[in-house]
Each structure stands twice: as structure tokens, then as C-alpha cells.
Amino acid sequence: MIPIRKLIVGIDPGTTTAVALLDIDSSLADVASRKDFSFSAVCDYIVSKGDPLIIATDKKSAPDFVKKIAATFGARIHVPKENMAVEQKETLTRKFSFANDHEQDALAAALEAKKHFSSFLEKIDTILERKGFAELKGDVKELLLKGEASNIEQALKMLAPEERKDTRIVSRLVDSKSILELRKQVERYEKENAQLRKKIAELEQKMKQLGYELKREEELRKKISGIIAKSRPVMKKETLPAGLEKDYYILVEYEPGADVRDKIVIVDKRADVAAVAKKMPKAIIAEKTEDADVPVLEKDSVAVKKVGDFLVAEKAAVDGAIKKNFISWLGDYKQRYETNFSKKFDQKDR
């Protein structure tokens, strides 16, 4: 059976993740880095190169990503006593090639781990060579580093006979691949859950906006109802000729400085409708409709009559024109809001 390379793996996780692989029995190294180097992709890369015994980091506290990798392979985690300094990393890696700072960090972590365990590993080599079992040094180191054996003698017993050793190695590799597949499945489910949570949050935000808009429309509806009600003046009977007060409103021709509060005012084309509206008449009759704080009715929509000294208009015609004016205004308002609301969420989705 072809010996499987025993590895010390240095990992520098982040937006750009780097992985460095050291052969535990030589100075051979492989280094790789890429953006969005996923958990499953890192595991696949390691498996393609050998069997990891030690997973190392350059931080004194191992990141969760490193812990997950170590747990997947049942490997030993190694961390330095303190975060590795730049000078220390440069000294350790000066004889090796790497493409960026991330790869240097991963390589330095692996080299520091190898240096830390060097005397332990050399002792194993010496004893096995003396006993004539040098070919088993990789497997013995694995059993001892992973805590599966407490000493070299126990490790040798676990590795004999040869058939049991091969079966154990194949079984371990199969287990590792099964774990990787399960990890990939979990990673896929986590990604799908994250997407669903994001969609739910967006829908909740839309519901909140729609609820806010519904409340605004309700307030607007009440305001319009109040304005329409105020636009139906109850005139004093003595101000109208007998028999007219029931069916007609008295109209007032606007004059600058005149008090027109709560009255229906007729203005000529020279008048500033917006300025007249600020005086809070019940309604304004003008040459054409305009946006204002009170209903502005087009002259052609209301038939104005002169009865004695009074200008009058039928209540039904005035009330109908006011209602039509506000329904049109409300429709324009809703259309403008819905257009702006739709644009806002379209931009957010992009």
C-alpha cells in the first residue's frame, strides 16, 4: 500500500483564506490561497494532498474555522503562546515561496507547529529506526499526536499485523470522506437558511412599509372626509331669499384683504390661488384646478347664478365637484407614492 503523506496544516482564514501543507517528515510544502475559499473546498484540498495530523494557526486563540477543520479530520490543534509577530513569520518563511501575506501567515503557522513538535517527532524516528520499524513512523506519529495511543509500544501493537493497519487506514479515510460529505450538506443547508432568512426579513420590511402606508391612507381619508364635510356650509336662513337656503350655497367674489374663512370663493384669473387658499376658505372656484390646501374647483364644473344680490350655486353641483376633485387628487397621490415605493424596493433588490 502506498504510504499516505502525513501533514501539518497551517490555516489563515478570512475573506482570502490561505492553506499551507507541510510533510511531517520533510521540508516539502504546498501553499494555496483564494477568495471565498469555502470550508468544503479547504477540506477537499487537504484530502487531495494527504492526511492532516496537526492543524495550526498564527493566533493564540484558534478561529472557529480552524476548529471545524481540525474536528473534521480528528486532527490536533496547535496555537502559539502569543500571536505570532511579523518578524517571527519572516524568519520562519524566508526559505519558502508564497504569493501574499495570507499564504505567509498560514506557512508560518505550519512551520511554527513543526518546530514546536520537532524534538517529539525526532525521538519517535530514533526509536523506530532502532527497533527496525522506520516504515511505520508516519502512522505511529499519527496515533500519538491524535491521542489514540499513549506510547510507541502501544502504537506498534495497534499497527500489527499489516492487514489490520491497512484496514484501519482505509476505514479512517472513508470516515473522513463521509464527514466531509455531511459537512458539505450542512454548509449547503446553512446557506439556504441564510437566503430564506434574508427573504423573510425583506418581506417583513415590505409589510411594515405597507402597514405604514395603510395608516397614512386612513389618516388621509379621514382628512378628506372632514374637508368635504366642512365644504358643505350651513348658511344662515336670513342671508338667502326664501326657499333657496336648502338647495344653494352663497358664493363670495374674492377681494384682497377680505375675510374668506369657511366661505366658497370665486377668484378671477389674476388671483394667486395658493395665496387665497392660505386664508382657509371652504373651497375656491377658479379658471382651472390647481394643487392647494383646500378644494379648487374649475368654473366650468359649477353653474353660478345670480339671485338678487347673491351669487349662488347648487349644493349638489358644488359637493359633487369637491368630491370629484379630491378623488382625483387622491388617485394622483397614491400613484406617485406607489411609483416611488416601487423604485425604492427595486433599487434595494438590485
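Going by the numbering used here, 327 is the number at position 327 of the sequence shown; the sequence numbering is gapless. C-beta atoms are modelled at their ideal positions from N, C-alpha and C, and glycine is treated no differently.
Using a threshold of 8 Å, state whether the C-beta atoms of residue i and residue j are closer than that.
i    : j    : result
V9   : P52  : yes
L22  : K114 : yes
I24  : K6   : yes
V312 : K323 : no
K89  : I77  : no
L107 : F117 : no
F98  : V31  : yes
E314 : K299 : no
Taking the beta carbon of residue i as the centre, do at least 16 other beta carbons fall within 10 Å, making it buried, or is it exposed?
i    : result
L28  : exposed
P256 : exposed
D139 : buried
A277 : buried
D64  : exposed
Y189 : exposed
K263 : buried
I152 : buried
M84  : buried
I284 : buried
A194 : exposed
Q104 : buried
L159 : buried
I46  : buried
K206 : exposed
K81  : exposed
L214 : exposed
A321 : buried
D166 : For D166, the predicted model reports a pLDDT of 49, less than 50, meaning its position is unreliable and no value from the coordinates is stated.
K282 : buried
L196 : exposed
L121 : buried
Between residue i and the rest of its own chain, which residues show a CB-CB distance below 8 Å, the 5 nearest in sequence each way excluded?
i    : result
V79  : A56, T57, K59, K60, S61, A62
T16  : S33, R34, K35, F37, N100, H102
A134 : D125, L128
A316 : D247
G14  : H102
E290 : V273, A274, V296
Which whole-angstrom value describes the C-beta separation of residue i and residue j, a residue pair presumed to lie in contact below a C-beta threshold of 8 Å?
i    : j    : result
L251 : I266 : 5 Å
I11  : I54  : Going by Cβ atoms, the distance from I11 to I54 rounds to 11 Å, so no, they are not a contact pair.
V273 : V296 : 6 Å
L92  : E112 : 6 Å
E192 : F39  : Not a contact, Cβ separation roughly 15 Å.
M280 : V294 : 7 Å
G74  : K146 : 6 Å
I224 : F310 : I224 to F310, Cβ: 29 Å. No contact.
Grab me the residues of residue i's own chain with a C-beta within less than 7 Å of its C-beta, minus the 5 sequence neighbours each way, in chain order.
i    : result
Y254 : V260, V265, I266, V267, A271, V276
V234 : Caution is warranted here: a pLDDT of 43 is assigned to V234, below 50, making its placement in the model unreliable, and no coordinate value can be reported.
A155 : V140, L143, L144, A149
Leaving out five residues before and five after residue i in sequence, what residues of the same chain have Cβ atoms less than 6 Å from its Cβ?
i    : result
E238 : Its pLDDT being 41, under 50, E238 is placed unreliably in this model, and the value from its coordinates should be taken loosely. Contacts found: none.
A110 : I8, G10, A20, L22, A56
E163 : Because E163 sits at a pLDDT of 41, beneath the cut-off of 50, its placement in the model cannot be relied upon, and the following sentence gives the value as read from the coordinates. Counting only Cβ-Cβ distances below 6 Å, and skipping sequence neighbours, we find nothing.
Taking only beta-carbon positions, decide if residue i is within less than 8 Å of chain D.
i    : result
I264 : Included in the structure is just one protein chain, with no chain D present.
Inset, instruction - Identify every run of the beta strand (DSSP E) within the region 279 to 325, keeping only runs that are complete inside it and at least 3 residues long; order them along the chain. - result: Counting only runs of 3 or more, we get 283 to 286, 296 to 298, 304 to 307, 310 to 314.
Inset, instruction - Would you mind listing the alpha helix (DSSP H) stretches within the region 40 to 92 that are 4+ residues and don't spill past its ends, in chain order? - result: As summarised for the region 40 to 92, the continuous alpha helix (DSSP H) elements at least 4 residues long and confined to that stretch are 64 to 73, given in chain order.
Inset, instruction - Please list the segments of the alpha helix (DSSP H) lying wholly inside the region 86 to 139, counting only runs of 4 or more residues, in order along the chain. - result: Here the runs fully enclosed are 86 to 93, 101 to 131.
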